[in-house]
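Undergrad: Could you have a look at this structure, given as structure tokens, before my questions?
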Amino acid sequence: MKLYYSNFFPAGKKQASIHIKTTEQIIINHPHIGQVFDGNKNIIELVINKTPFSFLYRINEDRIEILRLWDQRRSRGELTV
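Take a look at the structure:
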């Protein structure tokens, strides 16, 4: 993500940071809001509004574990969590 906003879209960096923080807060307040990721009931995906990124996370007892910040432009076949 840093590479994307530093090299390809520096003008969007500040706004993207705001969207990421907002999405983090949404996950904290509503952890089940995302969608099941590729049929894996243990992994949830939540798209970060107005960016090409999403959070992949899981709920583990009393905590939320962010597994990856995923660039949605990449093939899901390239994903390892």
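Per my numbering, the sequence shown starts with residue -7, numbered consecutively. All residues carry an ideal CB built from backbone N, CA and C; glycine is no exception. Note that this is a predicted model, so its numbers are computed, not measured.
So what does DSSP say about Phe0, is it helix, strand or coil?
TA: Helix at Phe0.
Undergrad: Please classify Leu38: is it buried, with 16 or more other beta-carbons within 10 angstroms of its beta-carbon, or exposed?
TA: By the neighbour-count rule (16 or more Cβ atoms within 10 Å), Leu38 is buried.
Undergrad: Between the alpha carbons of Asn41 and Lys13, how many angstroms are there, rounded?
TA: One C-alpha to the other measures close to 11 angstroms.
Undergrad: Label Phe47 either buried or exposed according to how many other C-beta atoms from any shown protein chain fall within 10 Å of its C-beta, with 16 as the threshold for buried.
TA: Per the 10 Å Cβ criterion, buried.
Undergrad: Can you tell me the Cα-Cα spacing of His22 and Glu53, whole angstroms?
TA: Going by the C-alpha atoms only, they are around 15 angstroms apart.
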